[in-house]
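Residue numbers (our numbering): 9 to 1046. We put the beta carbon where it would ideally sit given N, CA and C, even for glycine. For clarity, every value in this text was computed on a predicted model and none was experimentally measured. Here is the structure we will look at.
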């Protein structure tokens, strides 16, 4: 029998044995002859915890560690003390020695409780709360009792430690309460406050804190179960039981939680002895089946609990009820259906009807169709939004409303902060089910989960109007929306527009004046004031630059109220707000006057439009001439022609001047670019001269060496042996050759440091060129922005990258002079090591951020860009500018975490690792980010005024692709390919134009991806291409 069946039978048998008023079940027999021992109160509490998914309802881990928390367990068992006494046999004689020790321990621990906790416990449980139960040690299963026993000899020190902790908690409670008074929508503050109040035993305050939080946010399953367990522990009479019932009703409305329904069912079984208790139990289980009975993985527990409850009542009618439950369950696709069918065959004395078998087989077939989606959910990691979306699409195609609703509810448990999912769910309910209570409940939960999303509030107002909700309730909901804290100014315009549309639909415009019309006009006035004062002060903009609210008001006054005078006043106000330069605004006004005004005001409006319009004056002039042509007199026509010609001539002059100004500015920019180009050319020429002098100097030194015969016949490999003070192990024979007859070494000349440096550079120049193998790009990363002064890069970088996996090779890139160029290639043995090495991007190496990116051939992938951060709008991330350069990440985090949970902070730096005064702050959700913008924008940090906004980076300008150039023969040939990183700014081509060929064979790139060789037709007749280094040697030999 399932564990739930055991619990329910224990509960029923326990009630029959105890002195309850429910006598109908006192002597009923046990089904199938099963016998169960009567549980103690502690065992029943463990059953509750197991039914809720093995959740521990005794509080948080912090609460179980702190001294003095055992009073909660005392309160949990005090409610059933009288029932337990009837079950336990009283002992005769004096107390046992172990019991006396327990009493002493309890007294010692009660000394360290605060006065407030002791008073609250006394009121809740009674004066006898400190007496241990007969035959039961108060310290069973309680870890703190060992601590209390050890502290018995020195209660003063123990009490001092507790008082210090209590004082610290009280200060934190006061801080959290103050924070919530500023921002009531801070979710984490609510959770922390409840935890601390529960820890301190503030029974009244913790109940009020939970009540406040539940009014603003829906609570998670863990929070509800903790709250319910605390209330069940303190429930002493029928009134308290009704209060717990009310809490259960609220809990099952927030999210679909099978564990809460199981707990609800078990708790209702405990009240079966009261009036109407049996009907209450059945009602709870039936509602649980309607809510989660179709849940393929967790619905089975509800069915079994209900069936075992009915099985405990042995009557003919009850047996038929069990039959009905079996048949209903077998018609639904659930996991482990085969076991249920086998159990039904064993339980039923009659053969199973054919119709039940057919429904069972049909359910098995449905189960096979659902299994891929359920298995995808089991394999994926939370929140599994993509898997739920696919499951929802599948259910929508089938079209079963109950199953569609269930999968939406399951998805929202893990994705409650996804507004699009709530919008899709509410839209389905609005269009398909149209059940008032269900629709309004979902809309209400949606705005409580995502209060910052204006679309959810607008849909909520429409749903309330659609289902005939009282006007006062709708108005209260609208006021809540205004205080929700939207993140954009346009959101406030949208919610105001939705509310004004609702008020407009309430008005009966057949009456000249009514209460609803006055309310509509006052709402329009309030909306304009709100946007001007509240929204502009917060966002520095009203969110309604086109004055759409005033336009709608003017149309209502003109068309529905026949009040053109008020409409003209509104349009005049619209034009004074910077809209007079737009032709479409004047044409809207003209159309309104045309439909509901007179010709005189139409002509006046168009004449003003001709003078004021700056974007499309030709269009306005054309409308004016058309009107005068059809309705005006000759005098009106002449005036219109004169005004339009004058205006258009002036506009043309302004456009010519603007074009000349733009051309002059473009010429200035070209001149500046030419100057910069000349400056760069001069700088390059100067570097070229210095480079030539250096080459001449090296040539002279080499000639000197040859003249004296030093190392004249030495090979480069032997020269390196002399320079290295510690030769490799393979060179032992060379070492022996340099030793004299008597074992003494031949003295070796040691060059000065400058000479050694030049020789090291020469060695780097003489190193063989290693072509890049593009087939190893998947196991290679490109490392750049390294310090140029980094000595021996391969030696210093190897320990850093070996933490990611085995490194096969590190290839630093050197210039022709032997200087490190600041980048290298790191090749790994495995691809996963290369992927892990990408995490080292932006790691500081000798004061500079090191850039680590995938090794990609840009000649084959010219559009490849490596940027690890998002460039789209991120409503949960803030962009902070104006920070002082001395501001550290820790200092900024200390400021930001006061407004929510900070997930990450990134200080923007330049390539040298110097701060730029910019930062990105990522919060846990959009609500916290919105509140942080309100509180931090304009804040002063170290005499710097910072600016804070939602992260929405501008789009990057895509550089234009260079066009192909023409060769002297006219054929189109691609530009020279310079490798994966492109040609450097200071790189010069020393090959004269006279020696260039129309088409050449492109050499393989040095230490980079190899480009494809160009096709040539005259390869046999062309001279071999010389590199820049070869040509430099030619010049030096002349």
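Under the three-state DSSP convention, the category residue i falls into
i: residue 949; result: strand
i: residue 421; result: helix
i: residue 814; result: coil
i: residue 278; result: helix
i: residue 829; result: strand
i: residue 331; result: helix
i: residue 372; result: helix
i: residue 258; result: helix
i: residue 605; result: coil
i: residue 821; result: strand
i: residue 923; result: strand
i: residue 917; result: strand
i: residue 317; result: helix
i: residue 836; result: strand
i: residue 358; result: coil
i: residue 785; result: helix
i: residue 623; result: coil
i: residue 340; result: coil
i: residue 659; result: helix
i: residue 549; result: coil
Nearest-angstrom Cβ-Cβ length linking residue i and residue j, presumed shorter than 8 Å
i: residue 527; j: residue 508; result: The Cβ separation is near 11 Å, so there is no contact.
i: residue 207; j: residue 177; result: 6 Å
i: residue 621; j: residue 594; result: 6 Å
i: residue 339; j: residue 371; result: 6 Å
i: residue 400; j: residue 415; result: 5 Å
i: residue 921; j: residue 961; result: At roughly 21 Å, the Cβ-Cβ gap does not stay under 8 Å, so residue 921 and residue 961 are not in contact.
i: residue 175; j: residue 201; result: Residue 175 to residue 201, Cβ: 17 Å. No contact.
i: residue 583; j: residue 501; result: Between residue 501 and residue 583 the Cβ distance is about 19 Å, and since that is not below 8 Å, they are no contact.
i: residue 464; j: residue 455; result: 5 Å
i: residue 227; j: residue 239; result: That belief does not hold up - the Cβ atoms of residue 227 and residue 239 are roughly 13 Å apart, past 8 Å.
Cutoff 7 Å; reference residue i; Cβ partners in own chain excluding five residues on either side
i: residue 300; result: 264, 266, 269, 306, 307 and 310
i: residue 499; result: 462
i: residue 806; result: 815 and 818
i: residue 437; result: 446, 447 and 450
i: residue 1038; result: none
i: residue 629; result: 618, 652, 655 and 656
i: residue 249; result: 243 and 279
Chain-order list of residues whose beta-carbon lies under 6 Å from that of residue i (same chain, five-residue window excluded)
i: residue 605; result: 572
i: residue 565; result: 571, 574 and 575
For residue i: DSSP bridge partner residues
i: residue 912; result: 930
i: residue 861; result: 790
i: residue 462; result: Its beta-bridge partners do not exist; DSSP assigns none.
i: residue 856; result: 853
Bounding residues of the beta strand (DSSP E) (the contiguous stretch that carries residue i)
i: residue 884; result: 882 to 889
i: residue 501; result: From DSSP, residue 501 is part of no beta strand (DSSP E) but of the alpha helix (DSSP H) over 497 to 514.
i: residue 959; result: 955 to 959
i: residue 477; result: It is not in any beta strand (DSSP E) - residue 477 carries neither H nor E in the DSSP assignment.
First through last residue of the alpha helix (DSSP H) which encompasses residue i
i: residue 291; result: 285 to 300
i: residue 853; result: Looking at the DSSP string, residue 853 is not in any alpha helix (DSSP H); the run it does join, the beta strand (DSSP E), is 851 to 853.
i: residue 208; result: 195 to 208
i: residue 557; result: 556 to 563
i: residue 353; result: 345 to 355
i: residue 5; result: Residue 5 is absent from the structure shown; the chain starts at 9 and stops at 1046.
i: residue 445; result: 444 to 457
i: residue 402; result: 393 to 406
i: residue 214; result: 211 to 224
Spatial neighbours of residue i in its chain, beta-carbon cut-off 8 Å, leaving aside the 5 residues before and after
i: residue 625; result: 591, 618, 655, 656 and 659
i: residue 547; result: 496 and 497
i: residue 549; result: 497 and 543
i: residue 851; result: 808, 857, 858 and 860
i: residue 494; result: 460, 462, 500, 503 and 938
i: residue 213; result: 205
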